[in-house]
Structure formats: structure tokens, C-alpha cells
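Protein chains: 2
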Amino acid sequence: MAVTLAIDAMGGDHGLAVTLPAALAFLHRHPADRVILVGDEAHIRKGLARQRHGGDERIVIRHTTEVVGMDEAPALAMRNKKDSSMRVAIDLVRDGAAEACVSAGNTGALMATARFVLKTLPGIDRPAIASMMPTQKGAVCILDLGANVDCSPEHLLQFGIMGSALVAAIENKSAPSVALLNIGAEDIKGNEVVKRAALLLRESPVNFVGNVEGDDVYGGAVDVVVCDGFVGNVFLKASEGLAQMLRAFLREEFGRNWLSRLSALLALPVLNAFRRRVDHRRYNGASLLGLRGIVVKSHGSADILGFRCALERAAEEARHGLIERITAHVETLAPAHA
Amino acid sequence: MAVTLAIDAMGGDHGLAVTLPAALAFLHRHPADRVILVGDEAHIRKGLARQRHGGDERIVIRHTTEVVGMDEAPALAMRNKKDSSMRVAIDLVRDGAAEACVSAGNTGALMATARFVLKTLPGIDRPAIASMMPTQKGAVCILDLGANVDCSPEHLLQFGIMGSALVAAIENKSAPSVALLNIGAEDIKGNEVVKRAALLLRESPVNFVGNVEGDDVYGGAVDVVVCDGFVGNVFLKASEGLAQMLRAFLREEFGRNWLSRLSALLALPVLNAFRRRVDHRRYNGASLLGLRGIVVKSHGSADILGFRCALERAAEEARHGLIERITAHVETLAPAHA
Numbered sequence: 595m596a597v598t599l600a601i602d603a604m605g606g607d608h609g610l611a612v613t614l615p616a617a618l619a620f621l622h623r624h625p626a627d628r629v630i631l632v633g634d635e636a637h638i639r640k641g642l643a644r645q646r647h648g649g650d651e652r653i654v655i656r657h658t659t660e661v662v663g664m665d666e667a668p669a670l671a672m673r674n675k676k677d678s679s680m681r682v683a684i685d686l687v688r689d690g691a692a693e694a695c696v697s698a699g700n701t702g703a704l705m706a707t708a709r710f711v712l713k714t715l716p717g718i719d720r721p722a723i724a725s726m727m728p729t730q731k732g733a734v735c736i737l738d739l740g741a742n743v744d745c746s747p748e749h750l751l752q753f754g755i756m757g758s759a760l761v762a763a764i765e766n767k768s769a770p771s772v773a774l775l776n777i778g779a780e781d782i783k784g785n786e787v788v789k790r791a792a793l794l795l796r797e798s799p800v801n802f803v804g805n806v807e808g809d810d811v812y813g814g815a816v817d818v819v820v821c822d823g824f825v826g827n828v829f830l831k832a833s834e835g836l837a838q839m840l841r842a843f844l845r846e847e848f849g850r851n852w853l854s855r856l857s858a859l860l861a862l863p864v865l866n867a868f869r870r871r872v873d874h875r876r877y878n879g880a881s882l883l884g885l886r887g888i889v890v891k892s893h894g895s896a897d898i899l900g901f902r903c904a905l906e907r908a909a910e911e912a913r914h915g916l917i918e919r920i921t922a923h924v925e926t927l928a929p930a931h932a
Numbered sequence: 595m596a597v598t599l600a601i602d603a604m605g606g607d608h609g610l611a612v613t614l615p616a617a618l619a620f621l622h623r624h625p626a627d628r629v630i631l632v633g634d635e636a637h638i639r640k641g642l643a644r645q646r647h648g649g650d651e652r653i654v655i656r657h658t659t660e661v662v663g664m665d666e667a668p669a670l671a672m673r674n675k676k677d678s679s680m681r682v683a684i685d686l687v688r689d690g691a692a693e694a695c696v697s698a699g700n701t702g703a704l705m706a707t708a709r710f711v712l713k714t715l716p717g718i719d720r721p722a723i724a725s726m727m728p729t730q731k732g733a734v735c736i737l738d739l740g741a742n743v744d745c746s747p748e749h750l751l752q753f754g755i756m757g758s759a760l761v762a763a764i765e766n767k768s769a770p771s772v773a774l775l776n777i778g779a780e781d782i783k784g785n786e787v788v789k790r791a792a793l794l795l796r797e798s799p800v801n802f803v804g805n806v807e808g809d810d811v812y813g814g815a816v817d818v819v820v821c822d823g824f825v826g827n828v829f830l831k832a833s834e835g836l837a838q839m840l841r842a843f844l845r846e847e848f849g850r851n852w853l854s855r856l857s858a859l860l861a862l863p864v865l866n867a868f869r870r871r872v873d874h875r876r877y878n879g880a881s882l883l884g885l886r887g888i889v890v891k892s893h894g895s896a897d898i899l900g901f902r903c904a905l906e907r908a909a910e911e912a913r914h915g916l917i918e919r920i921t922a923h924v925e926t927l928a929p930a931h932a
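Below is the structure:
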């Protein structure tokens, strides 16, 4: 299935310098797909010329006059910036002109605007942010990563359903295993919300396997990990911080003197292989799940490879009918939950 | 000041095989200190003989007949095992025979028994588990790590006071910086409990500097990080899991073929220096704070170096008057909180 992506070309820390080359790389890899570049037309044309790109009938430019700032208040951006590149990219999904949209802009504004423009799916109270992370055995989907700080057991149930549908779609697994992030594997552990969510998930159509602890997540014990947005955000940021620290320590130790620098040179192929394996850019692209349309958020600081991975994620979700899968899952729930 | 440590010699995955050599190494480094080895006297004597230890007036053996199992229910262990090595080690602190006790046994049983035997300090509602972790700039104290899954703002305030006193005592800092773990640096971020805790901490005598995110913790932005036990446990376990995964990947890449194995050999001094720097054994020893006595929990799987570090932690806390420091801090609080 050919996919058209609406790209917020102005979003993120680097704007067009990243979004344009990433879009071209994406089109190069997917000859049947199309992109709509949303943003300042003159700048986009100049940017494409700089990329020595002569034009392509698979690229459409949609001119907009406004940009949402990275620190802008979400509610204000949503209300006032009706001609922003972010808003119009989402509008294109609502209108059926694109199957999915991608933005590296302000997360809060993207979530608020997407929710306002697209609305949530029937049976979903709150959209969640989901992302894939590397594990010892492959990858794991974890949600929510920060959209919802206070969650009810019903919200966690809905996250489980959406995460299961996401992994089924992009990893082609028929019944992904779903677990609750908890502070012990036993059923009696955790706070009241998590305990009640376990009861709901056990009765639901997802393949619920119980609780996992933080270390099991990286061990690759399950396919989907469900938690509230506060806990998920702490999990994500703690991991980013630790990885950064270890990288800095490794760089310092290898740079300490000429002997260690020499050994770094000799170990370069190994260190590069290691780096590729945990390259966070390959996991860039968080899915805003639970909306009536596909929206993927790229890290604001993503480079070309990172942003291209977010585009790939959005295209995959569209190609494998993510929205239909979530809808079908929610419909099988008892009416009390749906 | 000379310190006497009561050691649960039977606790942990390895029992005497770890606790005895660690106790001897501790005594070797601290010629004025003493230990009371609590456990099965015959086994302890045999173990000491195996260590070729002829006897030392600084070692006292306190015979006990029971052991708390690693999976035993905390409430049952507390009620029924009155002659366990864990219980008697805590009793010795209560009775003033030892300044601090250390156990590698069952965390839940240790917390329940310590709370029952020692009681909490005036002004402290719930004890918390605190541990030091490495950062890019040194070390950070984080609490609670799992004793309290549901916390009120007042509990978080008390954790801040206790963590501040701990860092002041063992790191010799006069006004350690204290922050709340949150999902954004701005005051408006986070859930209701965290927002109200920020107000309480701002009025308190501790050096409260606001919110930190998970990645700032490893950056070394602050001295003390406060969170509820659910979030803290997720933080800790996620970090353990990620570190384990990265270690496994690095080992795999260096072991892939003869060339990579050769480069590993050449990089060995660097890799060892790196390993020493993030050696979790050096950070072993979690403090049970808020009790009328010093109790340190060692990781159950700790080796000799790890367990010795837990003994050092307990001795440091006793030497620098941790309990008196916490008490003094709590007393400066407004009566409404104390």
C-alpha cells in the first residue's frame, strides 16, 4: 500500500536542515510513497534546491505562515496557530489527504492539537505516547511516556490494548505479550491502580502476562510494557541519563592517554558495532496512540537518520492499519470498559 | 569515634561465605572498630577458622538459632522469628550494644522488623530506603526506593529531610541540594502529590532546588533526589536493567571474532578502569532511614567487596551521627509537619 506522509517541515531544533534530507531519503527507499512538506514554501524550495533536488511528482509543498515554538504553551499554540506547519500537517490527516503525519515540534502542542483536530477513538479516554526501546532480545513498546501523569486502571487497560495493536502492526506479532510495570513480579505488589489494572487486563483480549520490573524490561521479557505517564517518563529519562553517563565515562577512559587512545583506535570496529546496536536514533519516533489518525512525534533534536526513522515508523503504522487494529481491539472489550 | 557493627552473618544469597570475609576486611581497615557476628555460632567459628582467623577481641559472636528466608513473608518473619540473625542484629542496635546493623537478608522482613523493634523517629511517619548512585559529577542519594508505594506530600517532605541529613553526614556537605524527581523542570509539571510536596519543601529548612528529570539525576545536577517508592524502584531497576544490557552487548561485540577479542585484550586496562568507575558493588548498602537506629541493607547477591561497602556505609552513618542529624532537621519543621 502506498502511503502519503504529511511532514511538519519546520518543527524540531533543526527544522528544514533535518526534515528535508530525511524526507528525500525516505522517498528514495520507498518509491511508491509520497510526502506533503508543510511549511514556508520559499524556504522549502530553497532547501530542496540546496539538496540538488530537481523536483519530483511525489513531493507536494503545502505553504503555511506560522510555526509553533518549542517552548510555546500547548493550549495557546492549539488555539492561536491555525496556520502553523504542525496544525496543517494534522489537518491533512483529518481530511484524508495524508495517511499519517510526523512532527519534531513541541510535544505538548502536538498532543493538544492532534487531540483537538483528530479526536480520540471510540472507547479511548486519553491518547498515550508510545515508543519502542531496544532490549537484549529485540525491542519493547513502552507506554505511556508522559502524556498522562495520573491514570486510572481503565486508562492502563486502554494503553495495554493500544500498545498490543501497535506491536502487532509494526512487528507483525499475532498476540504480543503485555505486562504492567511494577515493583515486584507478584500480584500483591504495587499501588492500588496497578493492582486493579491487572484485574482488568486479565479479563481483556490482550495477551496479559502479569507484572514486570524495570530490569526485566531491558531483558526483553515482554513485548509491551504499560505504566502511567509519570512512571514511563522517569523510566525513559533515567535510561537516557544513564546511557549518556556511561558514554561519557567510556569516552573519558579511552581518551585518558596515548596508550588508551591507541587501544580505542584498534577497538573502533567493535565500539562502532556496539554503538549501532544501541543507537537511539534507530528508535526515534514516538506514536501518539488513541487518536483517529496516525501522528508520530520525532525527538526535537533528531538528526537526519533519526527523523527518517520517525517517518518510517509513521509509514509502517499506516501500511499495517494501526487505527483499524486498535478499533477492533477496543470493540471486543465488555461495554462497561468501551 | 569507634563503632560496633551488628552483622546479620547468615543473611543474603551467600551467607557466611560473604559476610565473614567482608567483616574481617572491614576490621582490617578500621583498627578501632568492632563487630558482633550474629548467627549460628558453630558455623561462624568454622568459617572464621577457614579464613585462618585466630581470634580477635574485636569480634564477638552472638549465637542465634533461626534464619529469615529470602522469600519469607515479612509480617510472618517479624512475628515468628524472634531468634533469627536478622532480628537479633536489630535488637543489638535497640539495646545500645551496637551503633548500627547490616543485613543482606529479605528487604521486606528487614524493614518490617526494624520498624517494629526500633520504631520511627519523632516527626517521621514512614521509614524510607535510600541509596547512593554514581553520577557524572560524583554521587547522588535517591529515596524512596521501594518501601512506600503511595506517598503523601508530607512523606516526600520527610524523605527530603532524611536524604539531606544522610548526604550531610556521609559526604560532609553542609547544605546538600535536594530536588523532586519529576517529568519536567517547570513547577507546573507532574502530578498533584509532587506539586504539593514542592510547596512543602520550599518552606522547609532543606536546600530545595526544584524539580529534576531522570536524565539530570545521572548528570549530577543535585545531591538528593526525592520520589515515591514506586517511581524510585522503577528508576533503580530500569538503570540496573539497562546497565546489564549494555554490558552484555559490549561483551558480545568484543567476543565476536578473534580480531575483536584481540582488541578487547589491548583495551583491557581501559575497560577495567571503566568498570571500576561504575562498579555497583562500591555503591552497595541502602540505608533504612527514619528509624531510631541505623540499619543498612546490603544487596542479597552482594559479594565480599559489596558487603564490605555496606559495612563501611553503616559505620560512616554511625560515626557522623546520622540519627541526631535527622532528628535536628525534623525539629526545625513547623509543628504542623513534625
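Residue numbers (this note's numbering), protein chains in the order written: chain H, 595 to 932; chain S, 595 to 932.
Ideal Cβ placement from N, Cα and C applies to all residues, glycine included.
Ile777 of chain H and Thr598 of chain H have their alpha carbons spaced roughly 42 Å apart.
Nearest Cα to Ser771 of chain H within the set H:Arg628, H:Val818, H:Asp685: H:Val818. For the stretch 810–835 of chain H, the residues whose beta carbon sits under 8 Å from a beta carbon of chain S are, in order, Asp810, Val811, Tyr812, Gly813, Cys821, Gly823, Phe824, Val825, Asn827, Val828, Phe829, Leu830, Lys831, Ala832, Ser833, Glu834, Gly835.
Neighbourhood of Thr729 of chain H in chain S, by CB distance below 8 Å: Met839, in chain order. Taking a C-beta cut-off of 8 Å against chain H, the contacting residues of the stretch 739–769 of chain S are Gly740, Val743, Asp744, listed in chain order. By the Cβ test, the stretch 688–697 of chain S is in contact with the stretch 888–903 of chain S, since at least three Cβ pairs between them sit closer than 8 Å. Distance from Ile723 of chain H to Leu739 of chain H at the Cβ level is roughly 4 Å; contact confirmed, criterion being Cβ atoms closer than 8 Å. Remark: fewer than three beta-carbon pairs, one from each stretch, lie closer than 8 Å, so the stretch 663–671 of chain H and the stretch 620–632 of chain H are not flagged as touching. Rounded to whole angstroms, Leu614 of chain H and Gly699 of chain H show a C-alpha spacing of 15 Å. Within its own chain, the residues whose Cβ lies closer than 7 Å to the Cβ of Lys767 of chain S, once the five positions on either side in sequence are excluded, are Val761, Asp817, listed in chain order. Interface annotation, Ser771 of chain H: not in contact with chain S, CB-CB separation never under 8 Å. Nearest neighbour of Glu925 of chain S by Cα position, chosen from S:Ile718, S:Arg646, S:Ala706, S:His624, turns out to be S:Ile718. Pairing Val687 of chain S with Gly757 of chain H, the inter-Cα distance amounts to about 50 Å.
When Cβ-Cβ separations below 8 Å define contact, Glu847 of chain S makes contact with chain H. At a cut-off of 8 Å, the C-beta of Arg875 of chain H has no neighbouring C-beta in chain S.
A distance below 6 Å between beta-carbons, with the five flanking residues on each side excluded, links Val654 of chain S to the following residues of its chain, in chain order: Ile630.
In this structure Val820 of chain S is in contact with Leu750 of chain S, their Cβ atoms being roughly 5 Å apart against a cut-off of 8 Å. The three-state reading of DSSP puts Asn827 of chain H in helix, counting H, G and I together. The secondary-structure analysis by DSSP pairs His624 of chain S with nothing; it has no beta-bridge partner. At the C-beta level, Pro747 of chain S and Leu883 of chain S stay beyond 8 Å of one another. Against chain H, the CB of Arg871 of chain S has a partner CB under 8 Å away; the residue lies at that interface. Within chain S, the C-beta atoms nearer than 8 Å to that of Ile777 of chain H come from Gly740, Val743, Gly823, Phe824, Asn827, Val828, Lys831, in chain order.
As for any alpha helix (DSSP H) of minimum length 4 sitting wholly inside the stretch 835–904 of chain H, the runs are 852–860, 862–871, ordered along the chain.
Spanning the alpha carbons of Asp873 of chain H and Asn851 of chain S requires a straight line of approximately 22 Å.
Within the model, the alpha-carbon separation for Arg673 of chain H versus Val734 of chain S is close to 42 Å.
Nearest in C-alpha terms to Gly900 of chain S, of all of S:Val811, S:Ala611, S:Arg709, is S:Ala611. Listed in chain order, the beta strand (DSSP E) runs fully inside the stretch 783–821 of chain H are 801–806, 818–820, counting runs of at least 3 residues. Separation of Ala759 of chain H and Gly690 of chain H (C-alpha to C-alpha, rounded to the nearest whole angstrom) is 22 Å.
By the neighbour-count definition (other C-beta atoms within 10 Å, threshold 16), Gly823 of chain H is a buried residue. Residue contact check for Gly808 of chain H against chain S: a CB pair falls below 8 Å.
The C-beta of Lys783 of chain H has 16 or more other C-beta atoms within 10 Å across all chains shown, which makes the residue buried.
At a C-beta separation below 9 Å, Ser678 of chain H has no neighbours in chain S, since its nearest C-beta there lies roughly 22 Å away.
At a cut-off of 8 Å between beta carbons, Asn785 of chain S contacts chain H. In the three-state DSSP reduction, His749 of chain S falls in the helix class (H, G or I).
At a cut-off of 8 Å between beta-carbon atoms, Ser854 of chain H makes contact with chain S.
Under the three-state reduction of DSSP output, Arg646 of chain H falls in the coil class, being neither helix nor strand.
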